[in-house]
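Protein chains in written order, with the numbering used here: chain A, 483 to 740; chain B, 103 to 200; chain C, 36 to 327. Think of the CB as a built atom: it goes at the ideal place given N, C-alpha and C, for glycine as much as any other residue. First comes the structure, then the notes that go with it.
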């Protein structure tokens, strides 16, 4: 074991003793000073999670969140020095965390919050002019073969709970009393300019957007949407996408002439 | 087969139904609920000790509470529960387990 | 291995360099206020890792602020004192940032923060022996040759010491500067914090450093605690106004080094921007006393 092996292991495991070979000039117990480092590591990482998952925290309260985050930190310490990326596996952790099972929508709220952070820092990409998109769609005889490329910030989430409603009610005062989290809801997250936006969408729209994101043409994406929900409204979904500047490219499939 | 047909029909109708005014209306309606939450906070890198903790007592070991004995105590308790007999919260049920 | 040690340390570290004025750590909470009020401030400093993201508001605002102010890029995650190799991907991210923002200065810490695959998110202490010295110098050489510019190395705040250490912290730092030609980012708060924690006289600590290599100064506030014997244990938390003892030490340093660019750091308990600006103005009054 190298010196830093010992030091790192003792930092991460709270019950482990202070490593050997340390001293304080005044003769104080080195453990009382090692605790500064251990506490900085744990607290700073828990703080990073609290900053990135504010609604998840509010749902369970500060004490529960910090205790849960502490276990997460020990199980999943960061593997990158870029702290804005830390905590990507928290939703999965919550999913399997027994004491959190009484708040069944907690993991999906954490998923939604992660999508928001990713959208916030996602690559900048010039959107197509809305008028130009409309003209292209209107003048296109073979719309089914059109491929729409979407902003890198855009992501969706399907949940058996009303994730967007639960999340949104925590952005303003009040509204909790009338909230009903017990119905399925899809979420669309995107960044328009500098602002991250969250929309409640139906399962058909989630399937449609995911299909487009996988590179499928419009016709195929609509099929996928209708498989997910017969109530899919193509017009409404596409209007939402275009009006929030999410389209970055339109590609037409090259037809080979006979 | 039916989905294929209706998919084609939907796409076919698209070009004639989309309009700039519809886009504007949709954008406004959809953005009404977005007013106050454009910022997404994430963890930040700092070079200071105990980032975000209170100044005093930073060396004291904190955040060591036993999560297994804790009960969610946030706003989740104010949302009606699908399972609990009272309709609110699951505190009693969870405490009984630990 | 390429080294820059044949170059004179002071001139390479200061040109084109930050202006000899006070600067502030740029917090995202203050982006809009800075752009709207254009405060009279010498420069801004950012933590490099917070801008290692693809796009979005952080780059948008930093780009606009960079158009108006000199910039210092301060790394907090390179783990220069780590036992393992430097993270090449991280160095590449730093290169990209430097290319994009053309900062007037790049600095990092005499500390380690990564171990194996794990990033510990704290500036951890080093044993000051010849093996560590060799390793740190090799890492600094690698940083300077990869980034194609000299870097500044910051003296740390520490809370305990290693029995394995054979060198004083000041001798260790002096030797690094001599071997690598890097500049010194003198954190006066760290000097004070470490000296109180290790019962050393701050002035003798300063006297033992190669102050000619100081190219930037950091000032910040600390938190106060006690160890198991009830003795003062100061913690570098950047969460309070600069202590009077640190201001006094700063004044003494300036008398020796002249008007060196001085950063006010505040990372916790963030006050209104005007409070930070007032601290920067206080630093500028000290700087004016030693300006020609």
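* To do: For the alpha helix (DSSP H) containing residue 282(C), list its first residue and its last residue.
  => Residue numbering aside, residue 282(C) sits at position 247 when the third chain is read from its first letter. Where residue 282(C) is concerned, the enclosing alpha helix (DSSP H) stretches over 279 to 292.
Once DSSP output is grouped into helix, strand and coil, what is the label at residue 680(A)? For the purposes of this step, residue 680(A) is identified with residue 198 of the first chain, where counting begins at 1. Three-state DSSP puts residue 680(A) in a strand.
Review point. Should the segment 144 to 159 of chain C be regarded as contacting the segment 172 to 182 of chain C, the criterion being three or more beta carbon pairs within less than 8 angstroms?
Key: Under the 8 angstroms Cβ criterion, the segment 144 to 159 of chain C does not count as touching the segment 172 to 182 of chain C, having fewer than three qualifying pairs.
Check: Which residue from 129(C), 255(C), 228(C) puts its Cα closest to that of residue 141(C)?
Finding: Taking the first residue of the third chain as 1, we reach residue 141(C) at position 106. Ranking the options by Cα distance to residue 141(C), first place goes to 129(C).
ask   = What residue does the beta strand (DSSP E) around residue 98(C) start on, and which one ends it?
value = As a working mapping, residue 98(C) is identified with position 63 in the third chain. No beta strand (DSSP E) contains residue 98(C), which is instead part of the alpha helix (DSSP H) from 92 to 103.
* Go through its chain and collect everything with a Cβ distance to residue 493(A)'s Cβ below 7 angstroms, but skip five positions before and after it. => Counting from 1 along the first chain, the entry for residue 493(A) is found at position 11. 519, 520, 523, listed in sequence order.
- Cβ contact (3+ pairs, closer than 8 angstroms) linking the segment 597 to 615 of chain A and the segment 82 to 100 of chain C: Segment contact: the segment 597 to 615 of chain A against the segment 82 to 100 of chain C, three or more CB-CB distances shorter than 8 angstroms; contact assigned.
### Message
By the DSSP assignment, the beta strand (DSSP E) with residue 107(C) in it spans what residues?
### Response
Numbered from 1 along the third chain, position 72 holds the residue referred to as residue 107(C). 106 to 109 is the extent of the beta strand (DSSP E) around residue 107(C).
is_contact[residue 148(B), chain C] using C-beta, thresh 8 angstroms: Taking the first residue of the second chain as 1, we reach residue 148(B) at position 46. Yes - at least one Cβ of chain C is within 8 angstroms of the one on residue 148(B).
TODO: Give a yes or no on whether 8 angstroms exceeds the smallest Cβ distance from residue 589(A) to chain B.
DONE: If you number the first chain from 1, residue 589(A) lands on position 107. Taking Cβ atoms only, chain B never reaches closer than 8 angstroms to residue 589(A), which makes this a no.
Check: Can the beta-carbon of residue 57(C) be found closer than 8 angstroms to that of residue 299(C)?
Finding: The residue given as residue 57(C) occupies position 22 in the third chain. The residue given as residue 299(C) occupies position 264 in the third chain. Closer than 8 angstroms, so yes.
Run the CB neighbour count on residue 116(B), radius 10 Å, all protein chains shown included, and call it buried at 16 or more, exposed below.
By 1-based counting over the second chain, the position of residue 116(B) is 14. It is buried - the Cβ of residue 116(B) has at least 16 other Cβ atoms within 10 Å.
Original post:
Which residues, in chain order, does the segment 300 to 317 of chain C contribute to contact with chain B at a C-beta distance below 8 angstroms?
Top reply: Within the segment 300 to 317 of chain C, the residues whose Cβ lies closer than 8 angstroms to any Cβ of chain B are, in chain order, 300, 302, 303, 304.
Next on the checklist: Among 77(C), 100(C), 61(C), 263(C), whose alpha-carbon lies nearest the alpha-carbon of residue 146(B)?
Outcome noted: Taking the first residue of the second chain as position 1, residue 146(B) is located at position 44. Restricting attention to 77(C), 100(C), 61(C), 263(C), the CA atom closest to the CA of residue 146(B) is found in 61(C).
Have a look at the DSSP bridge pairing and note the partners of residue 320(C). Translated into positions along the third chain, residue 320(C) becomes position 285. DSSP links residue 320(C) through a beta bridge to no other residue.
Spell out whether any CB of chain A is found under 8 angstroms from the CB atom of residue 92(C). Indexing the third chain from 1 puts residue 92(C) at position 57. Yes, because at least one Cβ of chain A sits closer than 8 angstroms to the Cβ of residue 92(C).
Exercise. With 8 angstroms as the threshold, decide whether the Cβ of residue 507(A) is near any Cβ in chain C.
Key: Translated into the one-based positions of the first chain, residue 507(A) becomes position 25. Yes - at least one Cβ of chain C is within 8 angstroms of the one on residue 507(A).
> So what's residue 629(A) in DSSP terms, helix, strand or just coil?
Replying inline: On the first chain, position 147 is the one that residue 629(A) refers to. In the structure shown, residue 629(A) sits in a strand (DSSP, three-state: E or B).
Can you find a CB in chain B that lies within less than 8 angstroms of the CB of residue 576(A)? Translated into the one-based positions of the first chain, residue 576(A) becomes position 94. Taking Cβ atoms only, chain B never reaches closer than 8 angstroms to residue 576(A), which makes this a no.
(request) Just confirm the distance between the C-beta atoms of residue 311(C) and residue 320(C), as a whole number of angstroms; I'd bet it's less than 8 angstroms. (result) Numbered from 1 along the third chain, position 276 holds the residue referred to as residue 311(C). Numbered from 1 along the third chain, position 285 holds the residue referred to as residue 320(C). Their Cβ separation, rounded to whole angstroms, is 15 angstroms, which puts residue 311(C) and residue 320(C) out of contact at 8 angstroms.
Segments of 4+ residues assigned as alpha helix (DSSP H) that fall wholly inside the segment 653 to 718 of chain A: Within the segment 653 to 718 of chain A, the complete alpha helix (DSSP H) runs of at least 4 residues are 685 to 695, 700 to 710.
> Are the beta-carbon atoms of residue 626(A) and residue 699(A) separated by less than 8 angstroms?
Replying inline: Here residue 626(A) refers to the residue found at position 144 of the first chain. Here residue 699(A) refers to the residue found at position 217 of the first chain. The answer is yes: Cβ separation under 8 angstroms.
Check residue 577(A) in the structure and name its three-state DSSP category.
Reading the first chain from its first residue, position 95 is the one you call residue 577(A). Residue 577(A): helix per DSSP, three-state reduction.
field: Neighbouring residues, chain C, relative to residue 536(A) (Cβ below 7 angstroms)
entry: In the first chain, residue 536(A) corresponds to position 54, counting from 1. Simply none; closest approach about 15 angstroms.
- Message: According to DSSP, simplified to helix, strand and coil, what is residue 304(C)?
- Response: For the purposes of this step, residue 304(C) is identified with residue 269 of the third chain, where counting begins at 1. Of the three classes helix, strand and coil, the one that applies to residue 304(C) here is coil, per DSSP.
Measure the Cβ-Cβ separation of residue 542(A) and residue 174(B) and say whether it is below 8 angstroms. Within the first chain, residue 542(A) is the residue found at index 60, counting from 1. Within the second chain, residue 174(B) is the residue found at index 72, counting from 1. Against a cut-off of 8 angstroms, the Cβ pair of residue 174(B) and residue 542(A) comes out as a contact.
**Asked** Should residue 729(A) and residue 620(A) be called a contact, given that it needs their Cβ atoms to be closer than 8 angstroms?
**Response** What you label residue 729(A) is simply residue 247 of the first chain in a count that begins at 1. What you label residue 620(A) is simply residue 138 of the first chain in a count that begins at 1. Against a cut-off of 8 angstroms, the Cβ pair of residue 620(A) and residue 729(A) comes out as no contact.
- Message: Could you compute how far the alpha carbon of residue 732(A) sits from the alpha carbon of residue 611(A)?
- Response: Here residue 732(A) corresponds to residue number 250 of the first chain, with the count starting at 1. Here residue 611(A) corresponds to residue number 129 of the first chain, with the count starting at 1. Cα-Cα distance, rounded: 11 angstroms.
- Message: Here's the rule: buried if 16 or more other CB atoms are within 10 angstroms of the residue's CB, otherwise exposed. What is residue 264(C)?
- Response: If you number the third chain from 1, residue 264(C) lands on position 229. So residue 264(C) counts as exposed.
- Query: Can you find a C-beta in chain C that's less than 8 angstroms from the C-beta of residue 181(B)?
  - Reply: Taking the first residue of the second chain as 1, we reach residue 181(B) at position 79. The Cβ of residue 181(B) sits no closer than 8 angstroms to any Cβ of chain C.
**Asked** Exposed or buried, what is residue 668(A) when buried is set at 16 or more other beta-carbons lying within 10 Å of its beta-carbon?
**Response** By one-based count along the first chain, residue 668(A) stands at place 186. Buried, because 16 or more other Cβ atoms sit within 10 Å of the Cβ of residue 668(A).
*Taking the alpha helix (DSSP H) that residue 546(A) falls in, what are its first and last residues?*
As a working note, residue 546(A) is residue 64 in the first chain. Its alpha helix (DSSP H) spans residues 544 to 557.
- Message: Check whether the segment 124 to 132 of chain B and the segment 493 to 507 of chain A are in contact - that is, three or more C-beta pairs closer than 8 angstroms.
- Response: As far as the Cβ criterion goes, the segment 124 to 132 of chain B does not touch the segment 493 to 507 of chain A, which means the pair count is below three.
Query - Chain-order list of residues whose beta-carbon lies under 6 angstroms from that of residue 43(C) (same chain, five-residue window excluded) - result: If you number the third chain from 1, residue 43(C) lands on position 8. With a pLDDT of only 39 at residue 43(C), under the threshold of 50, the placement of this residue in the model should not be trusted; the figure read from the coordinates follows. Excluding sequence neighbours, residue 43(C) sits near nothing in its chain.
Quick one: does residue 498(A) have its CB under 8 angstroms from some CB of chain E?
Here chain E cannot be found, since the structure's protein chains are A, B and C.
Quiz item: Where does residue 307(C) land, buried or exposed, given buried means 16+ other C-beta within 10 angstroms?
Solution: Against the third chain, residue 307(C) aligns to sequence position 272. Its Cβ having fewer than 16 others within 10 Å, residue 307(C) is exposed.
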